[in-house]
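Chains R and U, in that order, give the protein sequences. Numbering-wise (UniProt numbering), the first sequence opens with residue 1 and increments by one. Numbering-wise (UniProt numbering), the second sequence opens with residue 1 and increments by one.
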Amino acid sequence: MPLWQIDIYPAEGQTDREGLRTQEEIHELGLHDSLQVDFARGFLVQGDFAHDQAVQLAQTLLADSVTERSVVAIAGQDSLNEPPGDNMTLVNVLPKPGVMDPVAASTIAAAKDIGFDVHAVRTMRKYWLSELDDTVLDSICRRALSNDSVEQVIVGPLEMDQLDVGEPHDFKLTTVAIRELQGEQLEKLSRDGQLYLTLVEMETIRDHFISIGRDPTDIELETIAQTWSEHCSHKTLAGRIHYRGPGADGTPEADERQYENMLKETIFAATQSIRKSLGEDDWCVSVFKDNAGVVTFDDEYHVCFKVETHNHPSALEPYGGANTGLGGVIRDPMGTGMGAKPVCNTDVFCFAPPDTDPTTLPPGVLHPRRVMKGVVSGVRDYGNRMGIPTVNGAVYFDPRYLGNPLVYCGNVGMIPIGMEEKEVMPDDLIVAIGGRTGRDGIHGATFSSAELTSESESLSGGAVQIGNAITEKMVLDVLMQARDRGLYSAVTDCGAGGFSSAVGEMGEKIGAEVWLEKAPLKYEGLTYTEIWISEAQERMVVSVPPESWEELRELCESEGVEAAVLGRFSPTGRLTLTYHGQVVGDLSMDFMHDGRPPIIRDAVYHPQPTTSVDLPALDAKGHADVLLKIMGSLNVASKHWIVRQYDHEVQGGSVVKPLVGPLCDGPSDAAVVRPRIESRRGLVMSCGMNPHYGDFDTYHMATSAIDEAMRNAVAVGAAPDKVAILDNFCWGYTDRSETLGSLVRAAIACQDMAVTLGTPFVSGKDSLNNEFSFNDADGKRQTIAIPPSLLISAMGQIEDVSLAVTMDAKEADNVVFLVGQTKSELGGSHLLLNLGMSGGQVPTVDQPLAKTTFEAMHQAIQNRLVRSCHDLCEGGLAAAATEMAMAGGLGMALDISPMAATGLAATETLFSESNTRFLCEVTSENADAFDKLFAKAGVSAIRLGVIDDSGQLAVTSADQTVLELDLAAAKQAWLEPLNW
Amino acid sequence: MAAPRVLVLRAPGTNCDEETAYAFEQAGGITERVHVNRLIENPALQDRYQILCLPGGFSYGDDIAAGRILATKLRQYLAELVDAFVHGNGDRLVLGICNGMQVLMRLGVLTEGIESDNHAPATLDWNDHGRFEDRWVDLVVDETPCVFLKGIERMYLPMAHAQGKFVAAGPKVIESMQQAGRLAVRYANGDHGKVQNEPLPFPINPNGADANTAGVCDASGRVFGLMPHPERHIDPTQHPFWTRRKTQPSQGDGMAMFNNAIEWFS
């Protein structure tokens, strides 16, 4: 059967956009200054038809008749190797066999629809480059044109005569003689099999099999490893920990605590105590037990929220990692209760600076600019295709994220009241819906629990995947209909660990038998173990009463979604796996879920001692210069390049967008959406994070993060008494007691702060061992650990969205108030970072005062006294005032003399990053009422000045000008750095 | 006359169907969201409806090119249905929004009757900057027979697409389409910008479209496709700076299009 190749070039006179983009990227990565690139996209099509038909296929389906031209020939023929211009070096890039190729799958279906006998398709990209020496060509191929973990590169003519499809798998049952192994042998087995289990765990498994008198099969060992992985069981944080940290007065190791289950006794405990104190008014519905945390919304719906990380896959293949990261977290609400409808996404990223010198990259590390572009595209393509608006996010930069970028993706879903619980019934059928199972994503769960090294790429390439959002959208469409028709009794997503985790969790209380050969496969050749642990994307597992199966099957078929019965939840208390009738695994659910030995660890924490800072004397110009630098620093700079690539308005519920103001370019504090288009009730999405503060004390980092998430939510109008928060801990190697200590200290802070504010944690996740090891030029082992990175995501509510407030200054002559206390807190501040200084007091939170301040701020907004409101964070008062005035296209004149009582120097007043502060714009008619409201609450609200239309930010103190900044220049500095 | 019935077509990857149906309902229509497979099984279903709407999304992933696969499917299996709505007795309406416009362009119904040699008279190409963009745009309506735009002079709507650059096969195409009022709605410079063919710079013309074209209709004005999303501006709080206004209008700019469609049948 012929293999046709169809190359599609821009038609004459059309711009070669992809060629120019590639050229620019090669330049940005420092690989070549002026390489010429011609680009073509190509299709390899295996099908039983002649040349004229292949041409017809190209013209009717594949190429655009106005803007493109195509070259059609049997693969390998000369006409395909004629360069379109002067560039003679041909590079072909193809997805590796077995890697998801959504366009190829769609092409097969569409070509068959119009009568072409197509058997297989693979897409490809062709680059024609100008003359290069081999080493440069090699590095361009590897670093700019392709990604080794999912793609293959062929330089020169493509010689192929057929597309690979898998070979049938010869069944062979494999057992592992674990009973005879000791110590190092067990460790070797764990390492070689990529099980990532500890010696104690391996010994427990060995002893279990000794006690039942047989050796395990490979699939049994894998199942246990998946279930016991850090990713699935959170064994470190839910383990026994002995902690010593600083006492309340700072005495080293005076705070000693013994945890049986650290997470339960800190974060969960906070939620329990809040729920108890709320009594009948408890608005938590289902927390820390399902795929997402559920809270009440209105009379008909609950709302759920989950944030996950996908760090390790994103380090190796940024596009696919982030793509499947978002795709995965969307399945969490879909798999919560009886299934929630996703209504918005959030995303937060941590990268090394994109201007990192390419020559300093350690081996195995992708350039951060490439990581960032890939991650953003990955999130974009999944979220946009699913039709879920991505409404809130943040990006942080620090060189320590070089080997370990962080990708946090969140999703919010609405669930009808009464659908929040699920229960698998005995003898229900186990049904898989959605994507087929392939060899992709093998060992994702265990891999994500391990430390990355420069060799990870070759070792764990299989853990990296590309998603297919449309498959997931189709699954969502049928799942919602099946839910409403009552066709299943429980649902969960297939995430880390694939079927092994999904079926294992659902059948935990009952038991399950699984017929592995029944799983629909992408291609032949998978072993029974691969079928069981593959983390292929876009799959959900539902538990279906036998009498409902036919209706579910028909529903799925009617929308082209694949559904297959994989087994039955048999009331045996055992997990029995068979392949064509032969038992390949038989484990007791008890051993899988309760047999893991507890991890016992020591944790100790010593915060950095506070040091004083000798601030340089800065005059008005000095302040303006450093403020400009702050506005242009990566953490503060505008993220519009990212924001605009996300559809943040699909579903029609957008109320406060990520970019606000008359020019749609002001940085909004939080997003407001109406999740039900027919209702006026809104959700408020915000986040808080500041890895720089963790270098001083992770306690204050954690309280600051919660404070920031809260003040962002309150600033746009969220009611502070109903904000649900989520924790995501991304940390280094927690086997080190100091690293674990820094985490426990942050968890204690979360507990304290949540209880004081009455903001329950409803869900959370951790990602540990985020360190990158490599051998440097001298052959010495080097390790880069990420800074402690706690993301707090907040979900608030607003009764009537017409009460929402935005941060852009509205009108000249309105009064400007500073709400909250300013202290001398410059530790980790953007002032010091930009002055190249260290030390200082890290910002702390007066927790009871924070609660009162949020309540008063909300009351002022409810009373419609606030025209605009902006939280103070990086860059303090100076940056907040700049952003507010700039976003409104206006100016601002402030006099900080009233703050003299604080005893702070002007520089501190302008740039301190003290928590729980807001800058508010109030009409002059409302100024007194605003003043009184805060005075009554006992919260500082200082009248600092007015909005004007000068286009300047002018700040005086005792008649002296201390800052004068042209806002056009500030805006330029702020827009420029990430304006890609 | 009874309220017109609107067929909101769903396909794998369609994702603006709910809010688009909601907008038609707010205007007084009766809507049904129907999967393309149901129509293929039972083409007679189409008799129930007076309006065919192809909403936004990524039909079939926009794999190969935006809207291409759904257009191919419609041409292969539902040619009669398309013909009945587009031509028929001239008593029905067709609206394609964003991905829906992409599908209508690939089907050729928006450029029908325009001469060009050997290839389509026009197409929708990648945005000039080569990526997806979500941005609010000022639009101005040209003199046009378009039913949906009756009485509308300007609109402020969000666009959200990657492949929405209208490219005509030559100046003659632009000329004949413009003369027939078929380049019905254009990107404009602010809220006073006029219709002009001279390309406006980014971001006023957000994708580099020829003649600043944002929406195109057929010769009768009953068949209309546009890239920006009218269904995303039917409520005042969808406006990107509604918080700056001291009073709010009763509805957003996009609502008038849906009202026009329903009123056409009264």
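Every residue, glycine too, gets a C-beta built ideally from N, C-alpha and C. These figures come from a predicted structure and were not determined experimentally.
- For the beta strand (DSSP E) assignment, the uninterrupted runs of no fewer than 3 residues enclosed by the segment 215-280 of chain R are, from N- to C-terminal side, 240-245, 255-259.
- For R:Val626, the CB contacts under 6 Å within the same chain, skipping 5 residues up- and downstream, are Asn834 in chain order.
- Taking the CA atoms as reference points, R:Pro720 sits about 32 Å from R:Ser233.
- Restricted to the UniProt domain "PurM-like C-terminal" (812-955) of chain R, the alpha helix (DSSP H) segments that are unbroken, complete and at least 4 residues in length are 830-835, 847-862, 876-887, 906-911, 927-937, listed in chain order.
- For U:Leu95, same chain residues with a beta-carbon under 6 Å away, outside a window of 5 residues either side, are Cys53, Phe224 in chain order.
- The bridge partners DSSP lists for R:Trp128 are R:Asp38, R:Leu90.
- Residues of the segment 82-93 of chain U with a Cβ closer than 7 Å to any Cβ of chain R: none.
- Three or more pairs of CB atoms, one per stretch, sit closer than 8 Å, so the segment 583-596 of chain R contacts the segment 205-222 of chain R.
- For the segment 232-264 of chain U, the residues whose beta carbon sits under 7 Å from a beta carbon of chain R are, in order, Arg232, Thr237, Gln238, Pro240, Phe241, Thr243, Arg244.
- The shortest CA-to-CA distance from U:Pro201 to any of U:Val137, U:Ala11, U:Ala44 is the one to U:Val137.
- By the CB criterion at 9 Å, R:Asp959 and R:Arg943 fall outside the cutoff.
- Legend: CB atoms of the segment 116-133 of chain U lying less than 7 Å from CB atoms of chain R belong to residues His119, Ala120, Ala122, Thr123, Asp125, Trp126, Gly130, Arg131, Phe132, Glu133.
- R:Ile470 reaches chain U at Pro12, Gly13, Phe58, Tyr60, Gly61, counting residues in chain order whose Cβ is nearer than 7 Å.
- For the 9 Å CB-CB criterion, U:Met255 and U:Pro228 do not form a contact.
- Per DSSP, R:Asp586 is one residue of the beta strand (DSSP E) stretching across 582-588.
- In the DSSP annotation of this structure, the continuous segment of the beta strand (DSSP E) that includes U:Gly215 starts and ends at 213-217.
- Three or more Cβ pairs closer than 8 Å define a contact, and the segment 148-155 of chain U falls short of that threshold against the segment 206-213 of chain U.
- Just so you know, the alpha carbons of R:Thr902 and R:Ile896 end up roughly 11 Å apart.
- In this chain, R:Met419 is not harboured by any beta strand (DSSP E), its DSSP state being neither H nor E.
- In the structure shown, the three-state DSSP call for R:Ile784 is strand.
- Between R:Ser767 and the set R:Ala469, R:Ile947, R:Asp928, R:Thr236, the nearest pair of CA atoms involves R:Thr236.
- By the rule that beta-carbons nearer than 9 Å mark a contact, R:His648 touches chain U.
- Within the segment 5-91 of chain U, the complete alpha helix (DSSP H) runs of at least 4 residues fall at 17-26, 36-41, 68-77, 79-86.
- For R:Pro313, the secondary structure class from DSSP, reduced to helix, strand or coil, is helix.
- In the structure shown, R:Thr346 falls within a strand segment according to DSSP collapsed to helix, strand and coil.
- Straight through space, the alpha carbons of R:Asp669 and R:Gly688 are spaced by roughly 10 Å.
- DSSP links R:Glu423 through a beta bridge to no other residue.
- Residues of the segment 64-87 of chain R with a C-beta less than 7 Å from any C-beta of chain U: Asp64, Ser65, Val66, Thr67, listed in chain order.
- By the rule that beta-carbons nearer than 9 Å mark a contact, R:Gly661 touches chain U.
- Taking a beta-carbon distance threshold of 9 Å, U:Pro158 counts as an interface residue toward chain R.
- A distance below 7 Å between beta-carbons, with the five flanking residues on each side excluded, links R:Leu181 to the following residues of its chain, in chain order: Leu189, Arg206.
- Exclusion of the five residues before and after U:Arg48 leaves Arg5, Leu7, Glu32 as the residues of its chain whose Cβ lies within less than 8 Å of its Cβ.
- With a cutoff of 9 Å on beta-carbon distance, R:Ser789 and R:Cys350 are scored as near each other.
- Within chain R, the residues Leu61, Leu62, Val103, Ser106, Thr107, Ala110 have their CB atoms less than 8 Å from the CB of U:Ile64, given in chain order.
- Using beta-carbon distances, R:Arg21 counts as an interface residue toward chain U, with a partner under 9 Å.
- Counting only residues of its own chain and dropping the five nearest sequence neighbours on each side, R:Met160 has a CB closer than 8 Å to the CB of Leu3, Leu44, Ala75, Gly76.
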